[in-house]
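Engineer: Just passing along the structure, written as structure tokens.
In our numbering, the protein residues as written are -16 to 621.
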């Protein structure tokens, strides 16, 4: 048997010892590296495996009008979550939960037993009431949690619906401003964090955590909620009276492009948009609809002719026989037999088609279409709303004498309402075309600081201030003496233009089916508001813009000017009355009169008194105010 020497044994022992020391050193180094270098990272990963996050939704930014009045806000609406592994008796829990949330036990059981770390009860447990959340909490089921959530609330109901749009169940913007500014309004989610083991049981030795949500920015609009309410009221009345296929209205500050109000019919409730047809909520008609403008477009032809010195409204005259021959086509005036001999100011007052054909011929097609494009037609205005239309213009190469003539009085071209408002605003504000806009400021909800502010955008000068002044005078004359009489407002200098456009279908114009419109501005010497209204196929009435749309705009202007604190003007063109116009009288000064003397003063007016005294110390309306015969005058006795 071979003997192993002592030296060999010693060498082997030393080798084993060294190898052991080496392995131990490697293990010790590795443990130290894991403990000190990777410890925090591995601990975090372990916590991630153990942690369960219950999300806390951020509060979506409010949308307010220019004065801070809330147009879109939030209502707290809790949501139910379940951690399936923490449920000890799924059958019993499902039965209790189903009864409270009005869902089937089968569906509740499916949620409770689902193989997931955390499960949201949807849709029965989404955005429930506080009362319902309290019922769930009182069930005392371990593993059921109530998370803070919210849903969108629109305090004014259907008002401004197409502009505001709406948000979905996950508070994501789906339409209108809610979608356009969704990123800014949304904010960032927060969460409540707790820890559980592999069996889903909570680990009490580890403290829960909470990361607060970051709320979205508030959005302040150019909209004035009081003007918006006036516009909505008048459209409601028109809808009830005329049963139209549709109706729209826009109010804008002509001096900077700020939209003060915008509405359309039919409308819908943003909080219950699911109940409305997509054909209703997907179409914001004031910026989307495209149609022939009719005579409101004549303002553009007039502006071009005045700017190019092609006409003098007072010195130049025109004879209207009732129709004019152009390129083999007979183009008629709306008045059978025509208006006869008239100045061009009367051509504007009477909305005489042949007269505007003459202005178009004086300009020529290149100049006419050049001004039309300068005023913004044929392109989007750039308003900060989704779905804006571009309109349709003739290709200049294909414009012949007939197309030139019809374009001059607003037929054969297609424009959007917002294009018309922007263009007419440029015509009356001194000649500057502004980009319309609705969003004014983005505001931090915590500090109240303005994060971003939008300033007016002046696109270009279209006409001179002198030409703009002539247009304002002409439009005021239209309201006082012409086709726009029904928009006349006593005490305020109102200017405007009627429009009556036939609707086309399959290449042919429809019979007795028109879009009637009116665009008005006030005060005529310094316009602060431009209002456009169009009513689609009004029933039970003569379909003229002066008959249907002008009174609507007149009432909107009258009430809006008071809301905007615009004072009445002393100088006003007297209204040229017709046989069917209401008779107007001036309110006498009644202050200081006795009861007996009162009866001798108000033979054309009704009287209503307050107080037990014998003498009048105050009256309403004030002396000098012009009112209709039969109006009520209120007096206060000392």
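Positions of the beta carbon are idealized from the N, C-alpha and C atoms, including for glycine.
Kindly indicate which residue of 570, 583, 594, 523 has the alpha-carbon position closest to the one of residue 615.
Structural biologist: Checking every option, the nearest Cα to that of residue 615 belongs to 570.
Engineer: Determine the DSSP secondary structure at residue 248, reduced to helix, strand or coil.
Structural biologist: Here residue 248 sits in strand by DSSP.
Engineer: Residues in its own chain within less than 8 Å of residue 32 by CB, not counting five upstream and five downstream?
Structural biologist: Low confidence applies to residue 32: its pLDDT is 47, below 50, so where it sits in the model is not reliable enough to give any reading.
Engineer: Tell me which same chain residues have a C-beta within less than 7 Å of the C-beta of residue 73, skipping the five on either side of it?
Structural biologist: Counting only Cβ-Cβ distances below 7 Å, and skipping sequence neighbours, we find 92, 95, 96.
Engineer: Measure from the alpha carbon of residue 422 to the alpha carbon of each residue in 206, 303, 68, 372, then state which is nearest.
Structural biologist: Among 206, 303, 68, 372, the Cα nearest to that of residue 422 belongs to 206.
Engineer: For the candidate residues 311, 465, 354, whose alpha-carbon lies nearest to that of residue 331?
Structural biologist: Checking every option, the nearest Cα to that of residue 331 belongs to 465.
Engineer: When the cut-off is 7 Å and only beta carbons count, does residue 390 lie next to chain B?
Structural biologist: Among the chains of the structure shown, chain B does not appear; only one protein chain is present.
Engineer: Going by C-alpha distance, which of 293, 236, 494 is nearest residue 407?
Structural biologist: Ranking 293, 236, 494 by Cα distance to residue 407 puts 236 first.
Engineer: Please classify residue 258 as buried or exposed, where buried requires at least 16 other C-beta atoms within 10 Å of its C-beta.
Structural biologist: That one is exposed.
Engineer: Applying the 10 Å Cβ sphere with the 16-neighbour rule, what's the burial state of residue 603?
Structural biologist: Exposed is the call here.
Engineer: Less than 7 Å separating the beta-carbons of residue 455 and residue 513?
Structural biologist: Result no, Cβ atoms of residue 455 and residue 513 do not sit closer than 7 Å.
Engineer: Using the beta-carbon count (16 or more within 10 Å), is residue 524 buried or exposed?
Structural biologist: Label assigned to residue 524: exposed.
Engineer: I need the boundaries of the beta strand (DSSP E) containing residue 593, first residue and last residue.
Structural biologist: Counting along the chain, the beta strand (DSSP E) containing residue 593 begins and ends at 589 to 593.
Engineer: Tell me the start and end of each unbroken beta strand (DSSP E) in the region 141 to 181 that is at least 3 residues and wholly inside, in chain order.
Structural biologist: DSSP runs (the beta strand (DSSP E)) wholly in the region 141 to 181: 156 to 158, 173 to 178.
Engineer: Around the C-beta of residue 333, are 16 or more other C-beta atoms found within 10 angstroms, so that it is buried, or is it exposed?
Structural biologist: Under this definition residue 333 is a buried residue.
Engineer: Check the DSSP bridge columns for residue 324 and list the partner residues they point to.
Structural biologist: Note: residue 324 sits in a beta bridge opposite 302.
Engineer: Between which two residues does the beta strand (DSSP E) carrying residue 504 extend?
Structural biologist: Element bounds for residue 504: 491 to 505.
Engineer: Evaluate the contact criterion for the region 135 to 142 versus the region 44 to 60: three or more CB pairs, one atom per stretch, below 8 Å.
Structural biologist: As far as the Cβ criterion goes, the region 135 to 142 touches the region 44 to 60, which means the pair count is three or higher.
Engineer: According to DSSP, which residues form a beta bridge with residue 313?
Structural biologist: For residue 313, which the question treats as bridged, DSSP gives the partners 308.
Engineer: Report yes if the C-beta distance between residue 470 and residue 503 is below 7 Å; otherwise report no.
Structural biologist: For residue 470 and residue 503, yes; Cβs fall inside 7 Å.
Engineer: Could you work out which residue in 286, 360, 379, 380 is closest to residue 372 when comparing CA atoms only?
Structural biologist: It is 360 whose Cα lies nearest to the Cα of residue 372.
Engineer: Let me check understanding here. Comparing Cα to Cα, which of 530, 506, 554, 534 lies closest to residue 548?
Structural biologist: Answer by Cα proximity: 506.
Engineer: Does residue 278 come out as helix, strand or coil in the three-state DSSP assignment?
Structural biologist: Residue 278 falls in the helix class under three-state DSSP.
Engineer: If you draw a straight line from the C-alpha of residue -9 to the C-alpha of residue 11, how long is it?
Structural biologist: Looking at the two C-alpha atoms, the distance is approximately 30 Å.
Engineer: Count the other CB atoms within 10 Å of the CB of residue 106; is the residue buried (16 or more) or exposed (fewer)?
Structural biologist: Classification for residue 106: exposed.
Engineer: What distance in whole Å lies between the Cβ atoms of residue 497 and residue 517, which are believed to be in contact at a cut-off of 8 Å?
Structural biologist: About 10 Å; that fails the 8 Å criterion.
Engineer: Might you give, ordered along the chain, the residues of its own chain that have their beta carbon closer than 7 Å to the beta carbon of residue -2, omitting 5 neighbours on each side?
Structural biologist: Contacts found: none.
Engineer: Does the Cβ of residue 448 have 16 or more other Cβ atoms within 10 Å, making it buried, or fewer, making it exposed?
Structural biologist: Residue 448 should be labelled exposed.
Engineer: Give a yes or no on contact between the region 353 to 369 and the region 391 to 410, applying the rule of three or more CB pairs nearer than 8 Å.
Structural biologist: The answer is yes - the region 391 to 410 touches the region 353 to 369, with three or more Cβ pairs under 8 Å.
Engineer: Thinking just about the alpha-carbon of each residue, which of 597, 473, 229 is nearest to the one in residue 534?
Structural biologist: Residue 473 is the option with its Cα nearest to residue 534.
Engineer: Which same chain residues end up closer than 7 Å to residue 607 when comparing Cβ atoms and leaving out the 5 residues on each side of it in sequence?
Structural biologist: The residues are 569, 570.
Engineer: For residue 195, which of 42, 424, 251 has the nearest alpha-carbon?
Structural biologist: The residue with the shortest Cα to Cα distance from residue 195 is 42.
Engineer: Using beta-carbon positions only, say whether residue 151 and residue 158 come within less than 7 Å of one another.
Structural biologist: Contact flag unset, no.
Engineer: Taking C-alpha atoms, which residue in 61, 285, 50 lies nearest to residue 210?
Structural biologist: Residue 210 has its Cα closest to that of 50, out of 61, 285, 50.
Engineer: Taking the straight line between their C-alpha atoms, what separation do you get for residue 18 and residue 424?
Structural biologist: Distance between the alpha carbons of residue 18 and residue 424: 52 Å.
Engineer: With a 10 Å radius around its C-beta and 16 neighbouring C-beta atoms as the bar for buried, classify residue 587 as buried or exposed.
Structural biologist: Exposed, since its Cβ has fewer than 16 Cβ neighbours within 10 Å.
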